[in-house]
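A.B. asks:
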Ligand code: KG4
Ligand code: ZN
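Numbering (UniProt numbering), first residue to last: 4 to 339.
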């Protein structure tokens, strides 16, 4: 078999990342420069700052990825880059860089969908995983329940009607005073709390059993905080975030299990930043075990934004014949 080496670039949000991936599954390098420290000062990602930081970091990050993989640009088979969805100014930095390298080195250019990348993170550590399988994609911008019918062939079964799961984590964390990004901080504090202390609503979307809604849970948490403040009652933050997390996990797990049962699917994979949540991982893996379903998850480092996942997705697109021209543009609201 011919060796396919993909140089992958990811810059859709606040991580500047580059990776070299062999044949879609073997990561030779995976470099991530996180801008979290700067954005934390502002309580969230500032798009203009993100773009400027990507420009400063992208060349060093790519050079590190090549060096660590012990290859040069001449050894690379194709360049894969995230072209959406995401922040337009942030995406443009990666897209322009990928086009420049592809042009200068006369290499094929493959644009990758960011969510396809998240799902494909599962291929890296699970060599036996092949479509068809169900995937739950939960990140700061997305909450999707997807059937992966084949490589590059996705069927969206359910999606959020309002906030993404990660967005709800971030907003609740901010309200409780935990800071940005909220997901990991809630995850940690929730371990000390009682997940059944407060009963938050599990929203259902009328006539769309697979769709999610998280703004109701988020508002219920904010109302609870306001009421406590009005009554001058002390808030047990650990109980509060544990109960919130439990409501979100419940909503995610129940719909994922409904899908695998209804369609008789024997494999479920999770992906995206929220997939690194320890309560979600535990709840899903035990629900899968109870129902005889194989459960797959990337290790936490491959759940949050990285370029190795773009290299995995880019490989399968490349061998399917996907090629983009130099007119490739960033598409902030790209559909899967
Ligand atoms: O996939 P990602 O890195 O970026 C997007 O594509 O959005 O996801 C980031 C999101 C943030 O909302 C962050 O709070 C959340 O993932 N997150 C978590 C955890 N780690 C990251 N949420 C809950 N628990 C975690 N351990
Ligand atoms: Zn992401």
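All C-beta atoms, glycine included, are put in the ideal place defined by N, C-alpha and C.
Treat the numbers as computed from the prediction; the structure is a model and nothing was measured.
1. Per DSSP, what kind of secondary structure is residue 13 in: helix, strand or coil?
2. Would you be able to state if there are at least three C-beta pairs under 8 Å between the region 266-282 and the region 230-243?
3. Three-state secondary structure (DSSP) at residue 7?
4. Using a 10 Å radius around the Cβ and a threshold of 16 neighbouring Cβ atoms, would you call residue 180 buried or exposed?
5. For residue 297, name the three-state secondary structure that DSSP assigns.
6. With distance defined between alpha-carbon atoms, name the residue in 20, 81, 246 and 268 nearest to residue 60.
7. Let me check you understand the geometry: is the CB of residue 173 closer than 7 Å to at least one non-hydrogen atom of the ligand ZN?
8. Starting from residue 44, trace the beta strand (DSSP E) in both directions and tell me its first and last residue.
9. Hey, residue 132 and residue 139: beta-carbon distance below 8 Å or not?
10. Apply the 10 Å Cβ neighbour rule to residue 270 and answer buried if 16 or more other Cβ atoms are within range, or exposed otherwise.
11. Compute the distance between the beta-carbons of residue 218 and residue 208, then report whether it is under 8 Å.
12. Any beta carbon of chain C sitting closer than 8 Å to that of residue 182?
13. Comparing the CB of residue 280 with every heavy atom of the ligand COA, is any distance shorter than 7 Å?
14. Please indicate yes or no: does the CB of residue 65 lie closer than 7 Å to some heavy atom of the ligand KG4?
15. Tell me which residues share the same chain as residue 67 and place their Cβ nearer than 6 Å to its Cβ, disregarding the 5 neighbours each side in the sequence.
16. Hey, how far is the Cα of residue 228 from the Cα of residue 254?
17. Identify every residue that forms a DSSP beta bridge with residue 255.
18. With DSSP run on the structure shown, which of helix, strand or coil describes residue 179?
19. Which partner residues of residue 375 appear in the DSSP bridge assignment?
20. For the candidate residues 312, 109, 243 and 302, whose alpha-carbon lies nearest to that of residue 85?
C.D. replies: For this structure:
1. DSSP places residue 13 in strand when its eight states are reduced to three.
2. The answer is no - the region 266-282 does not touch the region 230-243, with fewer than three Cβ pairs under 8 Å.
3. coil
4. exposed
5. strand
6. Relative to the Cα of residue 60, the nearest Cα in the group 20, 81, 246 and 268 belongs to 20.
7. no
8. Unbroken run through residue 44: none, as it is neither H nor E.
9. no
10. buried
11. no
12. Looking for chain C here will not work: only one protein chain is present.
13. This structure does not include the ligand COA; its bound ligands are the ligand KG4 and the ligand ZN.
14. no
15. 34
16. Computed Cα separation, rounded: 22 Å.
17. Answer is none; residue 255 lacks a bridge partner.
18. Taken through DSSP and simplified to helix, strand or coil, residue 179 comes out as helix.
19. The first residue shown for the chain is 4 and the last is 339, placing residue 375 beyond what the model contains.
20. 312
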